[in-house]
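Here's the structure we're looking at; comments come further down.
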Amino acid sequence: MGERSGYMCAENFLHILPQKIFKHMKKALLLTVLLGTFGLFGITYGQVCSGNIGENIFTDGDFGSGTANLLTPDPMIAPGYSYTTNPPPSDGYYVLSNNLGSWGGLYATWLPIGDNSTDPFGYMMVVNASFSPGLFYEQEVEGLCENTLYVFTADVINLIKSGTANHTDPNVSFLIDDVVQYSTGIITKTEHWQTYGFTFT
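If you read the sequence shown in my numbering, its first letter stands for residue 44, the second for the next number, and so on.
Now the structure itself:
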């Protein structure tokens, strides 16, 4: 437990802020996010196409907002991970928070940041990966249409400060119906949010 004890330990903390999947669809889709040390594929940068944007089919397209620093109770969105209200999360735990700088026990190597929105109270998901790659976010979306182009984007950050040595960088894969659609590749310590996304039909 602690800052450097996990397969994907503190240096692999991520904020995941799903933004939007667009348009209505008729079939069901299961979006799964997989966290691992190594990518299932090489680095792939998908273009996010412009054009008309339909309604957000994720009913919970972000993690909400609130004045409390930590969201309670457990939102039950991370299969295989446990929710904690005692940050920072240990290996295999996650928390929804609106500002890491408010945590009394924030490790010196972590960035004391808020989420990547204009809402000062917006929640973000902070995940401390377990020793093995695994699912840390999953949501089923119903009412999908065939032969329709959809867009998924997520804002992600490696929470470890740049220049910090001996920390493993994370890699995130996005799956639909258990098939990898996109992998971020190694997410380096840039201290900046990165938007990752892909299109699918």
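Built from N, CA and C at the ideal position, the CB exists for glycine as well. Here the structure is a predicted model, which is why all the values come from computation and not from measurement.
- Closest in C-alpha terms to alanine 151, from the list Phe243, Ser205, Thr231, comes Ser205.
- A direct Cα-to-Cα measurement between methionine 168 and tyrosine 225 gives close to 20 angstroms.
- In the pairwise beta carbon analysis, the segment 172-186 is classified as not touching the segment 151-161: fewer than three pairs are separated by under 8 angstroms.
- The Cβ atoms of leucine 154 and phenylalanine 106 do not sit closer than 8 angstroms to each other.
- Straight-line spacing of the CA atoms in leucine 113 and isoleucine 219 works out to 29 angstroms.
- Residue pairing from DSSP places tryptophan 153 in a beta bridge opposite Ile203.
- Spatial neighbours of aspartate 117 in its own chain (CB-CB distance under 7 angstroms, excluding positions within 5 residues in sequence) are listed in chain order as Tyr126.
- Of the residues assessed, leucine 143 falls on the buried side of the cut-off, its CB having 16 or more other CB atoms within 10 angstroms.
- Under the DSSP assignment, isoleucine 230 falls outside any beta strand (DSSP E); it carries neither an H nor an E label.
- The distance from the Cβ of alanine 208 to that of glycine 240 is about 31 angstroms, inconsistent with a contact at the 8 angstroms cut-off.
- In the DSSP annotation of this structure, leucine 114 is not part of any beta strand (DSSP E), being labelled neither H nor E.
- With fewer than 16 other CB atoms across the displayed protein chains lying within 10 angstroms of its CB, glycine 147 is exposed.
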